[in-house]
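Taking it in order: structure first as structure tokens, then the write-up.
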Amino acid sequence: MRRVIRTGFGRGSIPREVDDELAFHLEMRARQLIGAGLSPDEARREALRQFGNLDEVRASCVAMDRERIRTMNRVSLLQDLRQDAVYALRVLRRNLGVTTVVVASLALGIGANTAIFSLINAVLLRKLPVRAPDELVVVGNPSWVNSMSYATTPQGNAHSYRTYLALRDRDDGLVRGLLATGRADRLLVHLDGGRGEPDRPRGRYVSGNYFHVLGVPAFLGRTFDGTEDETTGGAPVATVSHRYWTNRLGGDSAAVGRDVVINGARFTIIGVTPPWFTSEIVGQQIDMWVPISMQGVLAPNRQVLDDPQAYWLLFMGRRTPGVTFEQAQAGLQGAIRQILTEQAPNAVVVSDVARLEVPVTPGARGLSRVRTSYEAPLVILMVGVGLLLVIICANVANLLLARAVARTRETSVRLAIGASRARLVRQMLTESLLLALLGAVAGLLVGRWGSRLLLALAADGSPVLPLDTRIDVVALGFTMLLAMLAVVVFGLVPALRASRVDVAGAMRASAKSLTGGAGLRGGRNPLGRALIAGQVALSMVLLVGAALLVRSLRHVEGADTGVDREHLLVVDVDAYSRGYRDARLATLAQELGDRLRRIPGVTELSWSENGIFSGTESASNLGVPGFTAREELDSISYFDQVGPDFVRAIGGRLLRGRAIEASDAPGSAPVVLVNESFARFYFGDGDPTGTTIRISDSTLAQVVGVVADIKDQSLTAAARRRYYTAYMQRPLGSPGALRFLVRTTGEPARLVPDVRRTILAHDAQLPIDGIDPLSTLMRQSIREGRLLTRLASGFGLVALLLAAIGLYGVMSYAITRRTGEIGLRVALGAGRGNVIRLVLGDALRLVFIGVAVGVPLALASTRLLRNQLYGVTAADPVAMGVALAVLLTSAIVAALLPAVRASRVAPVVALREE
Amino acid sequence: MLDPDGGLVRGTLDVLILKALSWGPRHGYAVAEWIRMATDEQLLVEEGPLYTALHRLERKGWLSAEWGYSENNRKAKYYQLSRSGRQQLRAEVSSWERYARAVTKALAVATG
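Chains A and B, in that order, give the protein sequences.
The numbering of the first sequence is the numbering used here, which starts it at 48 and goes up by one.
The numbering of the second sequence is the numbering used here, which starts it at 120 and goes up by one.
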């Protein structure tokens with residue numbers, strides 16, 4: 048009864064109701080007073096007097112009633128919601144099969160998106176976990192974080208220590224504190240005072256104010272306090288990460304204050320950083336920080352502190368309050384230019400500085416080498432998984448739509464007994480919401496696992512990038528947003544359809560009729576069919592993208608590298624830091640080369656300064672008679688210094704003249720070998736052999752031969768012009784490095800232990816930086832491309848599968864609904880072939896619509912891939928054709944199953960079903 | 120029982136309303152009449168505040184209300200004790216009795 052009252056009174060009628068109640072009272076009282084002998088007027092006055100302040104009472108009654116109704120509505124809304132949820136759960140449990148499929152598909156879609164997004168979040172979005180990261184600015188190119196380059200021309204991407212000191216000590220108020228950070232490779236740490244196995248922590252040279260500027264406190268002990276920079280070589284102290292402290296120092300607080308030996312010098316561990324701090328570099332975990340001023344102590348053979356031509360440091364500063372980023376940027380760029388100008392030895396360098404680009408960028412997201420290489424692939428993958436999710440939503444919508452149709456009768460009954468349409472839509476949306484939530488929760492788990500899988504895939508055998516892919520608030524928000532979008536996409540369609548149910552029509556009959564007449568095409572599921580066409584279109588986009596990437600990767604992997612890539616071992620020994628220079632270095636190359644050549648399985652051997660795919664490059668300016676440079680870069684060429692028989696040993700092809708030979712030794716006239724690109728650039732079609740060119744500033748050398756281009760540092764970049772001098776002749780001074788190139792008969796990886804043993808037998812203290820088959824190095828160099836291709840192919844296949852399943856479902860559904868019609872056709876003499884053709888034709892019509900939409904869509908969206916493609920264009924007809932063929936084949940297979948089933952319909956059974 | 124102005128002690132009106140409704144649904148006027156008669160017109164109950172109290176008790180959920188027809192066939196709002204209202208009545212009656220006993224005893228001692 049209460050309920051009737053509640054629903055009977057709207058908001059507007061509360062005052063009237065109170066008025067009615069009070070009027071009734073006053074009338075009763077007046078009537079009683081008249082009975083006691085008062086006149087009607089007197090009675091009314093007396094009744095009012097006895098009542099008291101009528102207006103005040105009325106107002107407070109109205110207020111209280113309003114409040115009561117509000118509370119009641121709130122309670123009933125909650126009750127309705129609970130009712131909806133309970134009902135939805137019941138429905139979902141009853142259709143456990145459908146529910147499982149839907150939740151699993153959503154988990155896959157949302158999970159894949161979450162996984163990619165958590166990588167994007169970690170690499171591209173998240174800010175450093177330090178105090179006020181938005182105040183930080185980076186001076187230098189953030190991706191040059193591990194660079195160490197020596198150049199005679201001024202550089203802006205990284206800076207020298209001298210530039211750091213000059214910039215730090217300027218007092219122009221742009222930044223409070225400026226830190227410097229640089230790569231510290233090869234730290235050999237003996238934790239037990241020089242005995243036992245050395246430890247190789249990932250180290251970093253930092254300025255003394257590093258921790259202070261970043262705002263990183265000590266977890267234990269203390270961090271650097273700024274005094275470390277005061278005297279060169281005077282601060283033998285190190286700060287270690289929490290992780291290193293836990294893993295290597297046993298998490299023992301007594302480790303602080305302990306002496307260790309680093310590269311032969313005694314250091315004291317003064318502190319441990321907090322667990323949340325891994326470094327200012329995204330995707331790189333640092334174990335140990337040592338003061339920059341100790342660089343000369345730790346690398347006595349490679350001292351760079353006083354070398355203004357060693358560009359190896361990046362700076363980070365904290366903007367002074369009130370200074371905008373733009374002001375800081377302009378100010379710092381000006382300061383760097385001024386400092387470099389002051390350092391310039393001559394007018395040429397001064398004019399170089401004027402043209403130099405000096406990157407100064409916001410530093411909130413830290414430094415990173417991986418950000419540049421992964422940004423484009425990650426964005427592409429995000430688009431890919433986004434499309435995949437849309438396809439999944441379409442499939443789910445189709446499933447739910449089919450169920451909504453199956454529930455038409457239930458819906459119409461509920462409408463007939465008085466449920467409002469809004470309530471029904473809400474009920475159905477609650478179901479979808481519940482599905483989406485289940486999918487999102489499962490998706491988070493899938494995503495968590497998926498991002499780790501992605502990192503493992505990305506590593507491709509090498510150490511996994513230490514990225515923080517935890518699901519943080521941003522990633523969680525993203526996932527939930529996806530779930531909500533999914534509800535809108537797959538939940539709204541069936542819900543709206545349900546609300547449009549024609550009560551009378553649906554109640555009247557099960558609506559099966561032999562005289563439907565519109566054929567399969569006119570089936571009752573136009574929305575479902577549109578969804579299928581859409582799925583086909585999106586699958587087409589993903590398939591074309593995947594096909595393009597696969598073709599491009601094939602192209603890159605199969606490209607002619609100019610060397611025998613399958614039989615080469617690249618051996619990198621750090622002779623320089625062991626003190627080998629000039630003649631001693633040449634002797635080491637000669638003697639160690641002879642020993643290595645005697646290893647069984649080695650057929651040929653040579654060496655060079657930069658090796659192949661070992662990550663270092665040399666370049667110089669040069670002069671060629673008769674050639675005038677149009678721009679400065681025209682007179683710069685890459686070069687390498689190579690041992691005797693280099694070309695033959697690596698399997699290169701000599702095109703003209705002769706190669707570098709053992710006779711090209713000190714004392715004989717300097718010679719160079721040039722590559723094809725070099726010859727074409729400087730000599731056109733002419734023959735360069737015999738010409739004397741100037742290499743570097745003043746050295747003259749005669750061109751003795753031309754070698755075919757070698758892809759020696761990158762598979763994807765175009766070949767660079769390059770010349771080769773004789774390692775033994777050293778016309779440009781002592782080479783800085785030594786890499787052996789060992790040609791083998793069999794699988795080169797198998798010789799690694801022998802090579803290592805031989806090197807250590809020659810010089811037990813010679814540091815070995817790497818012994819890798821060239822094919823491995825090459826594969827690693829296209830790691831991002833391989834990852835992108837693998838994942839894109841995976842997504843393409845899943846999309847294809849989903850579209851096929853969707854098509855199968857819709858065709859099966861159409862056939863079930865049309866069993867009667869098909870039976871009649873068979874009864875009237877249609878053959879099995881006719882029926883199959885009918886169904887297949889119907890399915891292919893859908894596919895063609897999808898393809899017609901998908902092809903232009905693919906053409907438009909593969910432009911996103913342009914920069915990832917080598918050897919194929921974004922509109923590659925082969926890729927398009929392959930995608931189309933795969934799609935059509937799968938569509939035919941998917942449609943054939945229901946078609947065959949339809950053709951087996953026995954007319955009697957079909958007719959009886961009516 | 121009477122405050123200096125001759126009105127009701129705070130809270131007393133509520134328990135009287137609950138008691139008035141303990142025999143079944145009544146409209147506001149009938150509640151007022153019952154209180155007047157049951158207290159032998161000793162208590163001065165202003166009628167306006169009675170309605171404020173009725174609406175307050177309804178909001179608290181102790182009373183429910185519905186519209187019906189009075190003896191003389193007029194539309195009237197009938198109040199009824201809810202389950203929680205009945206519990207409230209029992210609690211208030213017993214606490215009132217304890218209070219009254221204690222005060223009476225104290226007064227008896229003081230004057231004796």
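Backbone N, C-alpha and C fix where the C-beta goes; we use that ideal spot for every residue, glycine too.
Is K174(A) helix, strand or coil when you go by DSSP? Taking the first residue of the first sequence as position 1, residue 174(A) is located at position 127. In the three-state reduction of the DSSP assignment, K174(A) falls in the coil class, being assigned neither a helical nor a strand state.
Quick one: list the residues of chain A neighbouring M148(B), beta-carbon separation under 8 Å, in chain order. By 1-based counting over the second sequence, the position of residue 148(B) is 29. Position check: residue 148(B) holds Tyr in this sequence, whereas Met was assumed. By Cβ distance, chain A contributes F71, H72, M75 and R76.
List, in chain order, every chain A residue whose beta-carbon is nearer than 9 Å to that of Y198(B). As a first step, residue 198(B) is located in the second sequence; it is residue number 79 there, counting from the start. Here the premise fails: no neighbours, minimum Cβ distance about 10 Å.
For the region 83–107 of chain A, which residues have a beta carbon sitting closer than 8 Å to at least one beta carbon of chain B? Flagged, chain order: Q97, F98, G99, N100, L101, E103, V104 and S107.
Residues, ordered as in the chain, of the region 181–195 of chain B that lie near chain A by beta-carbon distance below 9 Å: Result list: S183, A184, E185, W186, S189, N191, R193, K194 and A195.
Could you work out which residues of chain A lie near P168(B), taking near to mean beta carbons separated by less than 8 Å? Numbered from its first residue, the second sequence carries residue 168(B) at position 49. For P168(B), the C-beta contacts it makes with chain A under 8 Å involve G99 and V104, in order along the chain.
R178(B) CB to nearest chain A CB: under 9 Å? Start at 1 with the first residue of the second sequence, and residue 178(B) comes out as number 59. It does: the Cβ of R178(B) has a partner Cβ on chain A nearer than 9 Å.
R642(A) versus G592(A): straight-line alpha-carbon distance, rounded: Start at 1 with the first residue of the first sequence, and residue 642(A) comes out as number 595. Start at 1 with the first residue of the first sequence, and residue 592(A) comes out as number 545. Approximately 50 Å between the Cα atoms of the pair.
Which one of D816(A), M119(A), V857(A) and L824(A) has the shortest CA to CA distance from A942(A)? To locate residue 942(A), count along the first sequence from 1; it is residue 895. For A942(A), the closest C-alpha among the options D816(A), M119(A), V857(A) and L824(A) is that of V857(A).
Got a sec: is the Cβ-Cβ distance from E160(B) to anything in chain A below 9 Å? Taking the second sequence and counting its residues from 1, the one referred to as residue 160(B) is at position 41. No, E160(B) does not count as interfacial toward chain A.
Within-9 Å CB hit, A157(B) to chain A: If you number the second sequence from 1, residue 157(B) lands on position 38. Judged by the 9 Å Cβ criterion, A157(B) is not in contact with chain A.
In chain B, what lies closer than 7 Å to R115(A) by C-beta? The residue labelled residue 115(A) in the question sits at position 68 within the first sequence. Those within 7 Å of R115(A) in chain B are E177 and R178.
What residue range is occupied by the uninterrupted alpha helix (DSSP H) comprising V351(A)? Position 304 of the first sequence, counted from the first residue, corresponds to residue 351(A). Premise fails: V351(A) is in no alpha helix (DSSP H) and is neither H nor E.
Out of V789(A), A159(A) and M927(A), state which residue places its alpha-carbon closest to the alpha-carbon of G490(A). Taking the first residue of the first sequence as position 1, residue 490(A) is located at position 443. With distances taken between Cα atoms, G490(A) lies closest to A159(A).
Relative to the alpha-carbon of M825(A), which residue among R872(A), G662(A), R803(A) and D519(A) has its alpha-carbon at the smallest distance? Position 778 of the first sequence, counted from the start, is the residue given in the question as residue 825(A). The residue with the shortest Cα to Cα distance from M825(A) is G662(A).
For the region 507–535 of chain A, list every residue whose C-beta sits within 9 Å of some C-beta in chain B, in sequence order. Hits within the stretch: zero.
Check this for me: beta carbons of L615(A) and Y623(A), under 9 Å apart or not? Taking the first sequence and counting its residues from 1, one reaches residue 615(A) at position 568. Taking the first sequence and counting its residues from 1, one reaches residue 623(A) at position 576. At a Cβ-Cβ threshold of 9 Å, L615(A) and Y623(A) do not count as neighbours.
Tell me the DSSP bridge mates of Y358(A)? Position 311 of the first sequence, counted from the first residue, corresponds to residue 358(A). For Y358(A), DSSP records a beta bridge to S196(A).
If distances are taken between C-alpha atoms only, which option among L838(A), L155(A), G330(A) and S781(A) comes closest to A594(A)? Locating residue 594(A) in the first sequence gives position 547, counting from the first residue. For the options L838(A), L155(A), G330(A) and S781(A), the alpha carbon positioned closest to that of A594(A) is the one of L838(A).
Kindly list the residues whose CB is nearer than 6 Å to the CB of A169(A), restricted to its own chain and excluding five residues on each side of it in sequence; keep chain order. Taking the first residue of the first sequence as position 1, residue 169(A) is located at position 122. Contacts found: L514, D515 and T516.
Kindly give me the distance between the Cβ atoms of G10(A) and N442(A), rounded to whole angstroms, as I take these residues to be in contact under 8 Å. Residue 10(A) lies beyond the residue range present for chain A, which begins at 48 and ends at 961; the question has no answer from this structure.
From this set, E165(B), L208(B), L182(B) and E190(B), which residue's C-alpha is nearest K138(B)'s C-alpha? For this step, residue 138(B) is matched to residue 19 along the second sequence. Nearest option by C-alpha distance: L208(B).
Tell me, which residues are paired with G752(A) by DSSP? As a first step, residue 752(A) must be located in the first sequence, where it is residue number 705. Answer is G704(A) and L720(A).
Is it buried or exposed, P647(A), if we count other Cβ atoms within 10 angstroms and call 16 or more buried? Within the first sequence, residue 647(A) is the residue found at index 600, counting from 1. Classified as exposed, P647(A) has fewer than 16 neighbouring CB atoms from the shown chains inside 10 Å of its CB.
Assuming R251(A) and I317(A) are in contact, meaning their beta carbons sit under 8 Å apart, how far apart are those beta carbons, in whole angstroms? Here residue 251(A) is taken as the residue at index 204 of the first sequence, counted from 1. Here residue 317(A) is taken as the residue at index 270 of the first sequence, counted from 1. With 8 Å as the limit, R251(A) and I317(A) do not qualify as a contact, their Cβ atoms being about 15 Å apart.
Measuring only between beta-carbons, confirm whether D67(A) sits less than 9 Å from chain B. The sequence position of residue 67(A) within the first sequence is 20, counting from 1. At a cut-off of 9 Å between beta-carbon atoms, D67(A) makes contact with chain B.
Cα-Cα separation between L864(A) and L590(A), rounded to whole angstroms: Sequence index remark: in the first sequence, residue 864(A) carries index 817 (1-based). Sequence index remark: in the first sequence, residue 590(A) carries index 543 (1-based). Per the sequence shown, residue 864(A) should be read as Arg rather than Leu. C-alpha separation (whole angstroms): 32 Å.
Strictly under 9 Å for the Cβ-Cβ distance: is M858(A) near chain B by that measure? Along the first sequence, read from residue 1 onward, the residue named residue 858(A) stands at position 811. No, its Cβ sits nowhere closer than 9 Å to a Cβ of chain B.
Alpha-carbon spacing of A377(A) relative to P510(A), whole angstroms: Taking the first residue of the first sequence as 1, we reach residue 377(A) at position 330. Taking the first residue of the first sequence as 1, we reach residue 510(A) at position 463. Each residue's Cα considered, the two are about 39 Å apart.
Does T118(A) come within less than 9 Å of chain B when only Cβ atoms are used? Locating residue 118(A) in the first sequence gives position 71, where the first residue counts as 1. At a cut-off of 9 Å between beta-carbon atoms, T118(A) makes contact with chain B.
Taking T171(B) as the query, report the chain A residues whose CB atoms sit under 7 Å from its CB, ordered along the chain. Taking the second sequence and counting its residues from 1, one reaches residue 171(B) at position 52. Residues of chain A passing the Cβ test: V104, S107 and C108.
Taking C-beta to C-beta, are G626(A) and N348(A) nearer than 9 Å? Against the first sequence, residue 626(A) aligns to sequence position 579. Against the first sequence, residue 348(A) aligns to sequence position 301. Between G626(A) and N348(A), the gap from beta carbon to beta carbon is short of 9 Å.
Going straight from the alpha carbon of L702(A) to that of W292(A), what length do you get? By 1-based counting over the first sequence, the position of residue 702(A) is 655. By 1-based counting over the first sequence, the position of residue 292(A) is 245. So the alpha carbons of these two residues sit roughly 57 Å apart.
Compare the beta carbon distance of V263(A) and F324(A) with 9 Å and say whether it is the shorter of the two. Locating residue 263(A) in the first sequence gives position 216, where the first residue counts as 1. Locating residue 324(A) in the first sequence gives position 277, where the first residue counts as 1. In this structure, the beta-carbon distance from V263(A) to F324(A) falls below 9 Å.
Am I right that V344(A) and A312(A) are in contact with their C-beta atoms under 8 Å? What's the rounded C-beta distance? The residue you call residue 344(A) lines up with position 297 of the first sequence. The residue you call residue 312(A) lines up with position 265 of the first sequence. Taking a contact as a CB-CB distance under 8 Å, the pair V344(A) and A312(A) counts as one, their CB atoms being some 5 Å apart.
Report yes if the CB atom of R797(A) is closer than 9 Å to the CB atom of W654(A), and no otherwise. In the first sequence, residue 797(A) corresponds to position 750, counting from 1. In the first sequence, residue 654(A) corresponds to position 607, counting from 1. Between R797(A) and W654(A), the C-beta spacing is not below 9 Å.
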